[in-house]
Amino acid sequence: MSPGQWDLPPELCCRPMAFVALTGLDVVYNAVHRAIWDAFCANRRADRVPISFKVLPGDHEYPKCRTKRSSYEWYIPKGILKTGWMNKHLNLVPALVVVFYELDWDETQWKEKQSECATKVEIVRTSLQGRNTKVAVVLIQKKTPLPPGEDVVASERAAALCNACDLSGKSLFVLPHTDHLVGYIIRLENAFYEHAQTYYYTEIRKVKSHKEFLNKTTHQLLFVRHQFKIAFFSELKQDTQNALKYYRTAYNLVHELRAHETNMLEIKNMAGFINYKICRLCFQHSIPLEAIAQFRKHIDLCKKKIGSAELGFEHIAWMSKQFQSFGDLFDEAVKLGLTAIQTQNPGFYYQQAAYYAQERKQLASQLCSHEASVSYPSPDPLETPNGMLDFYGQRPWRQGHQSIDPPDPEKEKSGILALQLKERDVPHSELIIALLSSAVAQFKKYKCPRMKSHLMVQMGEEYYHAKDYTKSLKLLDYVMCDYRTERWWTLLTSILATALKCSYLMGQVKDYITYSLELIGRASTLKEDQKSRIEKNLIKVLMNECPDTEPECDPAAVKTAQNLWADRVSLAGNNDFIIEVQDYVPFVQCKARFLSPSFHVDVPVQLHIYLKADCPHPIRFSKLCVSFNNQEYNQFCEVEEPYESNDILEPSGQGNMCLVPGKTRKYHFKFVARTEDVGKKIEITEIDLMLGNKNGRYMFLKWRGGGGDAASPQEALQASRSFKRRPRLADNQVDWDSVSIQANTMVISRIPKVSVQLHHEPPALTNEMYCMMVNIESQEDSLIRDIKLTVGLKPGQDANLTQTTHVTLNGTEVCDDSHPALLHDIFIGELHPGQKIVKPVYFRCVTTGSRIFLVHVSYMVNTSVESKEIMCKCHKDETVNIETVVPFNVAMKFVSTRFEHLDRMYVDIPFLLMTDIPSASPWPLKLFSSQLQLTSSVVAVDNLDSQIEEVVLQTGESASECFCVKCPSVTSNTSGVTTGRYTISWKRESNNEKLPVVCTSVTLPCITVEAIPLYVHADLPSFGRVRESLPVKYLIQNRTSQVQDVEMSVEPSDAFMFSGLKQVRMRILPGNEQEMLYNFYPLMAGYQVLPSLNINLLRFPGVSSQLLRRFLPTRIFIKPQGRQVDDASIAAA
Amino acid sequence: MAVCIAVIAKENYPLYIRSIPAENKLKFHYMVHTSLDVVEEKISTVGKALVDQRELYLGLLYPTEDYKVYGYVTNSKVKFVIVVDSSNTALRDNEIRSMFRKLHNSYTDVMCNPFYNPGDTIQSKSFDTMVSGMMLQAC
């Protein structure tokens, strides 16, 4: 029996297709026949009818048909299904035999040919005696036939031929051998297909007809057999729906069979076959869930049908095969477009198959561990006369036996022994690995990384068992890191233990060391004694000795391994190993820590390296070195202590290089940073710890960066979260968890010892030259050189500020846009200790707002660190935030000569321009002068000299000026006449003389100028007196070029009596004026309303008296009547 | 009843695993570990918008021939996994749910312990007893 004993027979797994035999074709020597055959079988696409063709000789012997039983009464079946049956109907018994014969209708020797053809048909018929196989004749003709009915000869001869061959007209075909061969062939095969369908239909009917003869007691097997056959014929007929139905019935019937130990195998076998068919058809019909359900049912039903206990492995193997073939079917379906999901994919079935394969291996090793003396039984009980079984699933030594007890216990025993001995030779590991790798491929596809890893571990372990250590190690190594990163230490330890064995058995020193490192580390869940053993082995390896044998290894492999190790020991060279432990969890932990995240260049950089061993025994190392990004520092951070090769284990607690388990050891390093490295980072690139010594074997544990390993980040996180109090330790002891890694540090410049003071008076005023005194005082102990000052707007602020800020050292003139916002590297020179220098700097801020100014002083100084002379560059920065505010506001207004607000001016009528300058500065301001520059449209009425010269404005005070101006003429009566500019020159009162005066100029507002037709002017004294006459003169001026008719009236008033014209109408010539005289006689004292003058212009009705009245005073102050000094009243007083 | 009960941290490392002593401990460790594939997938496929209303119980993660593996994820992404024997057909979904609820309650108690540092392996006697109770029940 081959390892594929449980493989499903190919005839079961293939898709059944109608079998049609072609005879009379000579495909070897006849080109025409060859072409016909090729057209039948080459490039069959899916749209062609499913037929399997075979060329057979005309006199081929078809399998004999057994004579039909007339009664089943005495018949006892010997098994369920004969092994040859499926093959017989797929490949041996055709549904249709086609006889090809070259014969044209106009054949001259028609008679002879016709009878020859008839003979051929007859031969075929004889060979098919008793079968329902159809026979058809195809005449190969050279000429294209005429359309049916036209060729009389042809129809006559066709009828004659049918007659001679005893054929129905439907079974005679003509194949003209012309250009359209493939087209004819397709039509032919469709016709063949119909014949085949009919054949299988009759076959099904035939099988069904047996049913009535069967009885349930003796013919149980036949019930299954018949249902299976019907289903199979249905499949051949391509009636898959019915096939599925019959297979299902067959499946149920199989499980109804009386099962006992002797026929268990046969039942299971058959159940497996039928199950396969059902699942296959379900997938084909796109009902995968039913396939899965059927398979589950199948497994549940068959799981317990173990059969003979001595052959338990057989059952397990069969189970494995069931899962595997279902996995294959499933995978096949997926390839054809089925969608599988993460939790339901072929991988699970392969995986289960692999589990069964593993179980089979175990069971086989239990059941088949016979003594070497047990020899294979002779004669071979597995031998059968024809080399194969008659029925599926039967024992070769008792074929056809259907009773409960074996006929011959002796034979049974030897048969079992033979099977057991055969099982011993099965390459179990290969089977398991193949299944596992199928499963891995599936799980990879369905996003199950952990499942994949698990299966790979199993593969690795299986390779280990199969003694393929290289492959084993490769797989295990590949998945190890997954478990490490997910922190499943139990699983990691188990994998590492296997890997260690592999590396031991192969004599791989580096791998051996690497795995040992981790197995004795803290992530390992091994017991202490195991760890101790491994550590001792590791030390042996480091001393260039052979390690002890790993337990539970194959003795033969151990022998080889010992030799390998002996070779390794004797071999010189190749004895140093560098192991990057960052990605492992090694037994030595390392943390590096700069004492500070930054060091000034004039103090030594200090660094602590902490080491802690987790292994069971103290271990001694020989060298510790640290590498930096700047390799010049490496030399300062090294400790080395050579020791004799044999005292690596000496637990000398005080030895500097000895790591005691659980104790943290600290190494302190110190070095002076180079001045070139100021502003740069010093970074630890790696830490190397050397174990072993140069004479024997040694290894470097290498940590990249500042130490730590695969497990440490999480540990640090947990420690930081923990509320546990740190244990109190002796002074020289360190609590490991409280040490945090600091793998880099910054070298920063020396702390400057100069004082930089800024004297100024904020806020700054817009446009002024703001003075800042920079005081630099050296507090160094030695001369400082090369002092440079950078001052100005601090970079990185709003870009607009750069445009509106200017810095200069020259305070005597106002700086403009050409001055920068930041002055760089103003050379100052040298300062002796204690010496001081003052530097004035001027800023001019054009806009208001807040600005940050930077004052940066840099210098060089010599100093010594750790008795090493270095020249340091120091610098000190001062920043100051200065607000800029406006010094004062300028308000301007236009009023009439009566100080009334004006919103428009009238030509030639004087008005007042008033300015108001309230100070907004917190500091006193000195106004030097003001200047009014008028445009041509405005002229001064009197002189425009400044009225605020040399005025000092305190905070909150306000300066005012008043100018009388008028508009001489109007160009057009548009609004908006520009009036001019107003310039004020000023500076802070506190500023010294040299500083320039700041000029602030303001544009005067625009005014609206209008011409008026009539101007009224009143000429009256400034006050009146009760009961004294008050003369008033009104001047009415015509400003137009026309004669004006003016109507004028004075309204009576309670406060006055008056004389003069009360109502008058007059005419005023252009440019002339009219004088009106009145004599008012006040009656009451106080501010009195004058009698109002109403003027109406008859030509300009729009000019109301209201408008004109604006030019006239409305009130006058009337003093009470003067009292004569009355002697009597004085006397009375 | 349960043959293995596990609590897995948010970062997918084990906080607690107990399995019946009769069988190979590693097997269950692997089983729990591989079940995380399904858990991860389930968590990630559940619509992110529905995170709040998400059902904590994930149901049957995957069946193997001999065991059924059930999962449960707390809102803080701590996973509970219960493995039961496939042959134990008496167990209904509801009972599994209630087991998880019990487990969750007990886990919450552990978390409430001020001396417990979240993320450490669980070494609580009362949790142990509760788990033992759940593993015993059916035996």
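Protein sequences, first through last, are from chains A and B. Under the numbering used here, the residue at position 285 of the first sequence is numbered 285, and the numbers go up by one with no gaps. Under the numbering used here, the residue at position 67 of the second sequence is numbered 67, and the numbers go up by one with no gaps. Idealized CB from N, CA, C, for every residue including glycine.
{"Query": "Do you know offhand how far Met1076 of chain A's Cα is from Phe899 of chain A's?", "Result": "25 Å"}
{"Query": "Excluding the 5 residues flanking Ala418 of chain A on each side, which residues of the same chain have their C-beta closer than 8 Å to its C-beta?", "Result": "Tyr376, Pro377, Asp380, Pro381 and Leu382"}
{"Query": "Rounded to the nearest angstrom, how far is the Cβ of Asn269 of chain A from that of Tyr392 of chain A, given a contact under 8 Å?", "Result": "5 Å"}
{"Query": "What did DSSP end up calling Ile1036 of chain A once you bin it into helix, strand or coil?", "Result": "strand"}
{"Query": "Express the C-alpha separation of Asp709 of chain A and Phe700 of chain A in angstroms, rounding to a whole number.", "Result": "15 Å"}
{"Query": "Our contact map puts Leu1134 of chain A next to Trp986 of chain A with C-beta atoms below 8 Å; I'd like the distance itself, whole angstroms only.", "Result": "The first residue shown for chain A is 1 and the last is 1133, placing residue 1134 of chain A beyond what the model contains."}
{"Query": "Start and end of the alpha helix (DSSP H) containing Phe100 of chain B?", "Result": "Asp93 to Cys112"}
{"Query": "Quick one, which of B:Arg101, B:Ser106 and B:Val78 has its alpha-carbon nearest Val39 of chain B's?", "Result": "B:Val78"}
{"Query": "Quick check: is any heavy atom of the ligand GDP less than 7 Å from the C-beta of Leu56 of chain A?", "Result": "Among the ligands in the structure shown, none appear at all, so the ligand GDP cannot be discussed."}
{"Query": "Can you name, in chain order, every residue of its own chain whose Cβ lies under 6 Å from the Cβ of Ile432 of chain A, other than the five neighbours on each side?", "Result": "Ala354, Ala357, Gln358 and Glu462"}
{"Query": "In the DSSP assignment, find the unbroken alpha helix (DSSP H) run with Asp688 of chain A in it and report its ends.", "Result": "Segment Lys681 to Gly692 is the beta strand (DSSP E) holding Asp688 of chain A; no alpha helix (DSSP H) there."}
{"Query": "Which full runs of the alpha helix (DSSP H) of 4+ residues lie inside the stretch 57–138 of chain A, going along the chain?", "Result": "110–127"}
{"Query": "Give the straight-line distance between the Cα atoms of Leu421 of chain A and Val93 of chain A, rounded to the nearest whole angstrom.", "Result": "39 Å"}
{"Query": "Considering just the uninterrupted stretch of the beta strand (DSSP E) at Val880 of chain A, what are its terminal residues?", "Result": "Lys868 to Val885"}
{"Query": "According to DSSP, is Asn727 of chain A part of a helix, a strand, or is it coil?", "Result": "The amino acid at residue 727 of chain A is misidentified as Asn; the sequence shows Pro. It is coil, neither helix nor strand."}
{"Query": "Quick one: residues in its chain with C-beta nearer than 7 Å to the C-beta of Leu253 of chain A, no 5 flanking neighbours on either side, listed in chain order?", "Result": "Phe223, Val224 and Gln227"}
{"Query": "So Leu91 of chain B contacts chain A; which residues on that side make the cut at Cβ distance below 8 Å?", "Result": "Result: empty, since nearest Cβ-Cβ is about 17 Å, beyond 8 Å."}
{"Query": "Hey, would you say Val84 of chain B sits closer than 8 Å to Ala2 of chain B, going by beta carbons?", "Result": "yes"}
{"Query": "Does the beta carbon of Pro449 of chain A sit closer than 8 Å to a beta carbon anywhere in chain B?", "Result": "yes"}
{"Query": "What did DSSP end up calling Ser1041 of chain A once you bin it into helix, strand or coil?", "Result": "coil"}
{"Query": "First and last residue of the beta strand (DSSP E) that includes Asp85 of chain B?", "Result": "Lys79 to Asp85"}
{"Query": "Here's the rule I'm using: 16 or more other beta-carbon atoms within 10 Å means buried, otherwise exposed. How should Ser960 of chain A be labelled?", "Result": "exposed"}
{"Query": "Using 8 Å as the threshold, is the C-beta distance between Arg360 of chain A and His428 of chain A below it?", "Result": "yes"}
{"Query": "List the endpoints of the continuous alpha helix (DSSP H) containing Glu290 of chain A.", "Result": "Pro288 to Lys303"}
{"Query": "Keeping to the same chain, check which residues put their C-beta closer than 6 Å to that of Lys321 of chain A; ignore five residues upstream and five downstream.", "Result": "Trp6"}
{"Query": "Go ahead and pull the three-state DSSP assignment for Asn252 of chain A.", "Result": "helix"}
{"Query": "Along chain B, in chain order, which residues have C-beta atoms closer than 7 Å to that of Ser722 of chain A?", "Result": "Asn117"}
{"Query": "Is there at least one Cβ from chain A nearer than 8 Å to Ala49 of chain B's Cβ?", "Result": "Reliability of the predicted coordinates at Ala49 of chain B is poor, the pLDDT of 49 falling under 50, and the value obtained from them is presented with this limitation in mind. Closer than 8 Å: no."}
{"Query": "Establish whether the CB of Leu526 of chain A and some CB of chain B are separated by less than 8 Å.", "Result": "no"}
{"Query": "What residue does the beta strand (DSSP E) around Thr1000 of chain A start on, and which one ends it?", "Result": "Val998 to Thr1003"}
{"Query": "Output, in chain order, the set of chain A residues within a Cβ distance shorter than 8 Å of Thr141 of chain B.", "Result": "With chain B represented from 1 up to 139, any question about residue 141 of chain B goes unanswered, as that position is not in the structure."}
{"Query": "With distances taken between CB atoms, is the gap from Ile609 of chain A to Val626 of chain A smaller than 8 Å?", "Result": "yes"}
{"Query": "Evaluate the contact criterion for the stretch 1085–1094 of chain A versus the stretch 991–1000 of chain A: three or more CB pairs, one atom per stretch, below 8 Å.", "Result": "no"}
{"Query": "Spell out whether any CB of chain B is found under 8 Å from the CB atom of Asp7 of chain A.", "Result": "no"}
{"Query": "So, are the CB atoms of Val1134 of chain A and Val855 of chain A less than 8 Å apart?", "Result": "Because chain A is modelled from 1 through 1133, residue 1134 of chain A falls outside the range shown and cannot be assessed."}
{"Query": "Applying the 10 Å Cβ sphere with the 16-neighbour rule, what's the burial state of His180 of chain A?", "Result": "exposed"}
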